[in-house]
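Everything below concerns the one structure shown next.
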Amino acid sequence: MVDIDVGTDAAPRYRWPENSRSVEDAASVASGGGCSHTTESVMSMDASDTLTEKRSGLGQIAKRVAGCTDCGLSRGRTRTVPGEGNPDAQIMFIGEGPGFYEDQQGRPFVGASGKFLDELLAGIGLDRKKVFIANVVKCRPPSNRDPQPDEIAACGKHLDGQIGAIQPKVIVTLGRYSMQRYFPGESISRIHGTPRRKDGLIVVPMYHPAAALHQGSLRRVIEADFARLPGFLEKVLAGGTPEATESEVPPHMRKGAPTVAAKQGQAAATAASAEQQEAESQQMRLL
Ligand code: SF4
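Be aware that the sequence shown starts at 800, since it is given in this note's numbering, and climbs by one per residue.
Below, the structure written as structure tokens:
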């Protein structure tokens, strides 16, 4: 159950379930190192065994990634970036690929977009120790170019392994390339923020945080999509349908919804269409 703690602040804060517990050794998981930290004494033996198993599985994947040469990206990397976070996370974020700073540090989302991601997480009462963050490719594409389909395909086994080990309740894709992993051919501008069931997983596509850094108007869109995450997770944990009902889909994305342009006449429609095409084109270049 996701409680809402109104507290003394104006904005409510979510109180996340116990198994959103943080993991202090995120860096160890990312690097593939073992861990002998004690877990909470109140944790049952089964839960402890499961966590140990998950941590071990992620460590093994990180080690395989560190030695992986299965695509051309291995040649230009400084460090692999397998991902990091809570092995028992309920929410897993999947970005696109490491950038310059990620490649240097071996950690995901450590640049400007990572700072914004931290802010987004904090806005819903989470931090990196309560979620797991990974990318569709674990090595930096040269000059931060887009990851190529063959590279995404080659790296898919590592990501699949991480998802299998963690078994998150909800996957959030950040950006176009991670979205296309689950919804090929879809438009991020159409389906962002809307949970869907895919291959037994609940996937919520969202814009990449970097998009908001390049296009200020997207900042509030991403913040609004993040704000809805606790409600989605609550529904999943309650055993309800996690897929968005029509009422949860933002009005402008509902099937058959009249567009603003339609209401305002053909002249306005033409202008709105051109504006939207330009905006989407710009978003695509940025994502
Ligand atoms: S991007 Fe993935 S598949 Fe390619 S070399 Fe790196 S770890 Fe291996």
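Even glycine gets a Cβ: it sits at the ideal position worked out from N, Cα and C.
Within the same chain, show all residues whose beta-carbon is closer than 8 Å to that of Arg-878, passing over the 5 residues directly before and after it, in chain order.
-> What you label residue 878 is simply residue 79 of the sequence shown in a count that begins at 1. These residues qualify, in order along the chain: Asp-902, Gln-903, Gln-904 and Gly-905.
Helix, strand or coil at Leu-925 according to DSSP, with G and I counted as helix | Locating residue 925 in the sequence shown gives position 126, counting from the first residue. Three-state result, Leu-925: coil.
Which residue from Gly-1039, Glu-1022, Pro-886 and Gly-875 puts its Cα closest to that of Gly-924?
-> Position 125 of the sequence shown, counted from the first residue, corresponds to residue 924. Checking every option, the nearest Cα to that of Gly-924 belongs to Glu-1022.
Give, in chain order, every unbroken run of the alpha helix (DSSP H) that is at least 4 residues long and sits entirely within the segment 978-1006.
-> 987-990
Mind checking which residues open and close the beta strand (DSSP E) that includes Leu-973?
-> Taking the sequence shown and counting its residues from 1, one reaches residue 973 at position 174. Here the beta strand (DSSP E) through Leu-973 covers 969-973.
Verify whether the separation of the beta carbon atoms of Tyr-981 and Thr-972 is less than 8 Å.
-> Counted from its first residue, the sequence shown places residue 981 at position 182. Counted from its first residue, the sequence shown places residue 972 at position 173. Result yes, Cβ atoms of Tyr-981 and Thr-972 sit closer than 8 Å.
Boundaries (first-last residue) of the beta strand (DSSP E) holding Ala-933 | In the sequence shown, counting from the first residue as 1, residue 933 sits at position 134. Looking at the DSSP string, the run of the beta strand (DSSP E) that includes Ala-933 is 931-934.
In terms of residues, what are the limits of the alpha helix (DSSP H) holding Phe-899?
-> Counting from 1 along the sequence shown, the entry for residue 899 is found at position 100. Phe-899 -> alpha helix (DSSP H) spans 899-904.
Rounded to a whole number of angstroms, what is the C-alpha to C-alpha distance between Ile-893 and Val-930?
-> Counting from one through the sequence shown, the residue named residue 893 turns up at place 94. Counting from one through the sequence shown, the residue named residue 930 turns up at place 131. The alpha-carbon atoms of Ile-893 and Val-930 are separated by roughly 11 Å.
Cβ of Asp-959 versus every heavy atom of ligand 1: is any distance shorter than 7 Å?
-> Position 160 of the sequence shown, counting from 1, holds the residue named residue 959. Flag unset: Cβ of Asp-959 not near ligand 1.
Span of the alpha helix (DSSP H) holding Gly-894?
-> For the purposes of this step, residue 894 is taken as the residue at position 95 of the sequence shown. No alpha helix (DSSP H) contains Gly-894, which is instead part of the beta strand (DSSP E) from 890-894.
Could you tell me if Glu-883 is buried or exposed, where buried requires 16 or more neighbouring beta carbons within 10 angstroms of its beta carbon?
-> By 1-based counting over the sequence shown, the position of residue 883 is 84. It is buried - the Cβ of Glu-883 has at least 16 other Cβ atoms within 10 Å.
When you compare only the Cα positions, how much space is there between Ile-962 and Cys-938?
-> Counting from 1 along the sequence shown, the entry for residue 962 is found at position 163. Counting from 1 along the sequence shown, the entry for residue 938 is found at position 139. In a straight line, the C-alpha of Ile-962 is about 18 Å away from that of Cys-938.
Would you call Glu-852 buried or exposed, if buried means 16 or more other Cβ atoms sit within 10 Å of its Cβ?
-> Translated into positions along the sequence shown, residue 852 becomes position 53. With fewer than 16 other Cβ atoms within 10 Å, it is exposed.
In chain order, what residues of the same chain have a beta carbon less than 7 Å from the beta carbon of Ala-829, not counting five sequence neighbours either side?
-> What you label residue 829 is simply residue 30 of the sequence shown in a count that begins at 1. The predicted position of Ala-829 is uncertain, since its pLDDT is 45 and thus under 50; a value taken from the coordinates is nonetheless stated next. So the qualifying residues of the chain are Ala-861, Pro-881, Gly-882, Glu-883, Gly-905 and Arg-906.
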